[in-house]
Each structure stands twice: as structure tokens, then as C-alpha cells.
Amino acid sequence: MQGSVVVPPKPCVDACKDCSYQCTQKIVPVPTVGEALDMWLDGICFSNVETETVELSDALNRVSAAPVYAKFDIPAANCAMHDGIAVCRAHCEDKFASGNHTLLPDAFRHCPMGSVIPEQFDSIAHAEQCCLNDDGTATLFQLPVLYQSVQLKGASIAGGEKLMEADEKLSPSHLAILQYTGHTAVRVKRRPRIAVIPVGDDLKAPGEVPAPGQSIDCDSIYVRATALQCGAEAMVSRLVPDDGAAIAEAIRRELPTCDILVVIGGVGKGEHRYGDHTVAAVREMGRISCYGVLLGPGGKNLLLASVEGKPVLGIPGPPHAAIIMTEYFLPPIIEHWLGCPCYERQTVEATLAEDFPTRGGGKSIWEPRLRLEMTGQGYSARIVERMGDTVDNFINAAASVAVTGDPAQFKAGGKVRVKLLYGERTIAAKSLRQLKSHGTAETGTSPNKGE
Ligand SMILES: Nc1nc2c(c(=O)[nH]1)N[C@H]1C(S)=C(S)[C@@H](COP(=O)(O)OP(=O)(O)OC[C@H]3O[C@@H](n4cnc5c(N)ncnc54)[C@H](O)[C@@H]3O)O[C@H]1N2
Ligand code: MOO
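Final position of the sequence shown in the numbering used here is 434; the numbers increase by one with none missing.
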């Protein structure tokens, strides 16, 4: 823990006894991201997640609810792995010892690759090692090795063999092996349902034209899309005004329909005096685990809480803050439900093209969005010009980086690991398109660089 923050008004005691209640008397340490997550998740129990059976064709990216076992042996009998004749190795050996290389019709079986080998035979003499005669006999040119080209019953998969554990995210390979081993459906965990409530008098719904001082709600679609990426279901409620009773009413309405609630906006430190009512409404209805975290942009207003045992994530409204809070706190709560990783961003090493502002560092994280450029020495990274704005953050950034630990790492020429927002081929294709349309990589300028 580092620094301190005074939590907003709700006086309850004269002297702070550091109870779990938030009040004006209380000076609380600001937690790191890890500490905040621990405080939040420790109080949320998802032990009895419901399960459902789904067809394999609908099971991609679902999470297994129980181990799955093979229904039968594969192959179901000993099979030929080459074209040839099935023989008894000991009988062939006797024949070779006697100098007679001819096998009578009942001493072999013509076996193309994949065919079942009758039980009395144990080896395959390859087509090149024998010939089939017109009188129904076969002549061996070479003695086969014992079990040559025989795939034994159950050698690939034994009936009852464990194919996968519970808590695995199902990939195309999982689906294929389940189908191959006799399954047509699989037991999976129910997807968590996320309800998203956008709050703000100044917000307009998608499709409307904002008047001066208004903006169109775009955080909610970002939150919803991130939830879908993580394998959750998500729905966005209608816009809610900056009014404590309206926020409480929206929470009461959405809570029974969801497993995880996200409220966007109204979490500012000005609280009711500046039209921010979300924290007070949540405090009245439930328990606040954390209000403020050592993460920027946006962390000082982050709200982690629970109402009726369900997690409530309160994220700040400004989009550049909302995206970082969503990325840091929504996947972990969905993973807490699903029991497996569900949000992973590829990382690559990049060289900083400039000194970063002195933000973040130590235990605190500042997570700016970055532009990446491919140079002869690999990726070069610079902070997007309009860091406090939306366009660069949403569209023109290719990565982000956690500025934390030793600030010396974040000087021009320093090497850092950055988290990609797109795959490397997409980044390459985007820069190529920009080069073609501008003759050079786009840079742009803005006064609020590094905000
Ligand atoms: N006196 C102080 N004021 C503020 C502080 C502070 O420390 N002291 N912190 C500032 C910071 S930093 C942030 S971040 C915001 C967080 O406040 P809120 O979450 O209450 O944000 P709102 O007031 O609801 O909205 C602010 C602004 O954000 C845009 N917005 C809101 N919701 C959406 C949405 N769903 N989609 C798109 N854009 C959204 C909108 O332009 C709002 O006007 O507090 C600061 N103030
Ligand atoms: O949390 Mo605010 O958006 O950092 O600037």
C-alpha cells in the first residue's frame, strides 16, 4: 500500500476505528491492483456455478465443468498401419527356418492400411515384403518384425482415459478430440451474465446527436464487448441519470438478472456536490471493498463492491480511464466465475522512442496506450498523442504498457514488454495501409499528450 486517500462523506464515528465502513473520518491506504483484487474477490464466492450441457458444435470457448473421459478404445481392435498382409510372426519364423517362404491361405490375411487384423495374427508384412499368388497363397521375401505396422487396440486412446480436466476453455482441438472419442455434447459452466449500467445526465444513447456538453455513451459497448471476449454474456441497460435514487433503482432492477454488475460513471470524488452519486448508492445497498487503486488513468475513482453478494464494478466515465479499468478489473471477476484464464494479450518487446512522463512507478501502475512502429531493430513504442482523448486510445493505439517499478526503464532507448491490442500481422497491415495513404507513418499532434 502506498499514499492515502480520504473517502467521501458519510460520517458515522468521531474517531476512526478502521471499521469496514467508509466515512469522512477515515484515512485509508490506497491499494495496489493486486491488493484491490484480493480485497474484492475474497469476499465473492462463486462456488456453486451452474452447469449446462451443450452440443459440441456450440461449445467453442465454453469452459468445461467436469473432467471428460474417452467412451471407448481407439482403435477398437488391432489395425494395420501399412498396406500388407497380416501374419503370425512365429509361424513366419518357422517358415523361414525351413526355407519355405510360402504361406498357405489361412496363414495370412490381406490387410490394407486401417483394416482390422484378425486376432490370430500379430504383425504386418508390408506389400513390398511379400507377394500374393494366383493360387491364394502368399510368398514372403522378408521376415517382418514382431508387431510390425500394428496399431494395438486402445493404443491411441484407451476407453476411460481422461481427455481433459474441469475448468478448461474449449478450443477447436478439444472439440475434435471429444467428438473422436464418442461425445456429442459436453457439460460446461454457465456463462456469467454481466449487466452494464451507464450513468450520466450528459450521456446520449447511440444514434442520437449530442448537444454541446453531451457525449454518446461508448464505454458500455466497450465493457460489453470485453465481457463477450472473456466468454461472458452481457447486456447494457438504458441510460441512467445522475441521481442517487435512479441509480439505486437501476441497480435493484438489473441485479436479479445478472451475476456481475458494472456501473459506468458517477464515481468521481466530488460525489453528490458534482453530480456523482454511484458510490453513495452502492454504499447504501452493499459493501465497498475498495474505492481507489494505484492505477491510472482512472484508478483513483475505481469502485469495487458487492451488493447482495454479487460483485459490483464501478468504473470512471472518461473513456481513456474506463478502458483501463475495464481491462484490469472485468476479466479477473469473469475468470473468478469461470475458473480459468479468459483474457490474454500477447506481449512483445519494444524500445521506447521517447522518455515517458514520470507517472506510475514503484507499486503504482500507469497504463498509457502506445503506437508501435516496426524498425530494423524491432518494435519502437511511443505514447499516443491524444492520451486524454478517445480516438487514439480506441483506434490508433496498437498496445499498452504498465509503467511500474523502476522509472529508469521508461527512458528513451529502454526496452519494455508491451501488451498488444491486435495481433502482429494486423499491426503490420495497419502500418502498411498508413504508409500507403500518407507516404509516411501517421503521427499527429495534440496538446494533451501523456495525460
Ligand atoms: N474534484 C475532482 N474531480 C474529479 C476528480 C478528482 O480527483 N477530483 N477525478 C477526475 C477523474 S480523473 C475522473 S476519471 C472522473 C471520474 O468521474 P466519473 O466516473 O464520475 O465520471 P462522470 O462524471 O460520470 O463522467 C465524466 C465524463 O466522462 C464521460 N463519460 C461518462 N460516462 C461515459 C460513457 N458511458 N461513455 C462515454 N463517455 C462517458 C463524459 O464525457 C462525462 O462528462 O472524475 C474527475 N473529476
Ligand atoms: O481517472 Mo482520470 O481519467 O485519471 O484522469
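Don't be surprised by glycine CBs; every beta carbon is placed ideally from N, CA and C.
Asked, Found
"Going by the C-beta, is Ala304 closer than 7 angstroms to any heavy atom of ligand 1?", "yes"
"For Ile316, name the three-state secondary structure that DSSP assigns.", "helix"
"In the DSSP assignment, what are the bridge partners of Phe91?", "Val70"
"Work out the CA separation of Ser220 and Ile199 for me, nearest whole Å.", "14 angstroms"
"Return helix, strand or coil for His303, following the three-state DSSP convention.", "helix"
"Between Asn259 and the rest of its own chain, which residues show a CB-CB distance below 6 angstroms, the 5 nearest in sequence each way excluded?", "In the sequence on display, residue 259 carries Asp and not Asn. These residues qualify, in order along the chain: Gly249, Gly251, Gly253."
"Span of the alpha helix (DSSP H) holding Glu407?", "407 to 421"
"Buried or exposed: where does Asn116 fall if 16 or more other Cβ atoms within 10 Å of its Cβ makes it buried?", "exposed"
"Return helix, strand or coil for Gly397, following the three-state DSSP convention.", "coil"
"For a test of the three-state rule: what should DSSP assign to Cys75, helix, strand or coil?", "helix"
"Counting only runs that start and end within the segment 142 to 204, where is the alpha helix (DSSP H) found for 4 or more residues in a row?", "155 to 163"
"Counting beta carbon pairs with one atom in the segment 74 to 83 and one in the segment 126 to 134, are three or more of them shorter than 8 angstroms?", "yes"
"In the structure shown, what three-state DSSP assignment does Val265 receive?", "helix"
"Is DSSP giving Pro451 helix, strand or coil here?", "Beyond the ends of the chain as shown, which are -16 and 434, falls residue 451; an answer cannot be given."
"Tell me the DSSP secondary structure of Gly227 in three-state form.", "helix"
"Under a Cβ-count criterion, where at least 16 other Cβ atoms within 10 Å of its own Cβ denotes burial, should Asp105 be classed as buried or exposed?", "buried"
"Skipping 5 residues on each side, what residues in its chain have a beta carbon closer than 7 angstroms to that of Ala19?", "Cys273, Val276, Leu287"
"Report back the beta-carbon spacing between Glu356 and Ser414 to the nearest angstrom; my notes put them in contact at under 8 angstroms.", "7 angstroms"
"Nearer than 7 angstroms: is that true of the beta carbon of Lys187 relative to any heavy atom of ligand 1?", "no"
"What does a CB cutoff of less than 7 angstroms around Ala149 pick up in its chain, not counting 5 residues either side in sequence?", "Ser47, Ala48, Ala49, Pro50"
"Pro315 and Gly344 look like a contact to me (Cβ under 8 angstroms); what is the Cβ gap, rounded to whole Å?", "Not a contact, Cβ separation roughly 23 angstroms."
"Using three-state DSSP, classify Leu20 as helix, strand or coil.", "helix"
"How about Glu237: is its C-beta nearer than 8 angstroms to some C-beta of chain C?", "Reference to chain C is not applicable here, since this structure consists of a single protein chain."
"Just reading off the beta strand (DSSP E) that Pro324 is part of, what are its end residues?", "First-last for Pro324: undefined, no H or E at that position."
"If Arg352 and Ala380 are in contact, beta carbons under 8 angstroms, what's the gap, nearest whole angstrom?", "3 angstroms"
"Is Ile247 near ligand 1, in the sense that its beta carbon is under 7 angstroms from a heavy atom of that ligand?", "yes"
"In terms of DSSP beta bridges, what is Gly388 paired with?", "Gly345"
"In this structure, how does DSSP classify Gln5 when only helix, strand and coil are distinguished?", "Because the pLDDT at Gln5 is just 49, under 50, the model does not fix this residue reliably, and the value given afterwards should be weighed accordingly. In this structure, Gln5 counts as coil in the three-state DSSP scheme."
"Please work out which residues of its chain come closer than 6 angstroms, Cβ to Cβ, to Ala60, disregarding the five sequence neighbours upstream and downstream, and give them in chain order.", "Val99, Lys136"
"Could you have a look at Arg235 and say whether DSSP puts it in helix, strand or coil?", "helix"
"What's the gap between the Cα of Gly388 and the Cα of Cys213?", "28 angstroms"
"Label Asn31 either buried or exposed according to how many other C-beta atoms from any shown protein chain fall within 10 Å of its C-beta, with 16 as the threshold for buried.", "exposed"
"Ala42 and Val182 - do their beta-carbons sit closer together than 8 angstroms?", "no"
"How should Gln5 be labelled, buried or exposed, when 16 other C-beta atoms within 10 angstroms of its C-beta is the threshold for buried?", "Bear in mind that a pLDDT of 49 at Gln5, under 50, signals an unreliable position, so the model cannot answer this."
"Assuming Arg365 is part of the beta strand (DSSP E), what are its boundary residues?", "361 to 366"
"Where Gln8 and Val246 are concerned, what is the direct C-alpha to C-alpha distance, given to the nearest angstrom?", "Residue placement at Gln8 is poorly supported in this model, since its pLDDT is 49, which falls under 50; the coordinates are not used for a value here."
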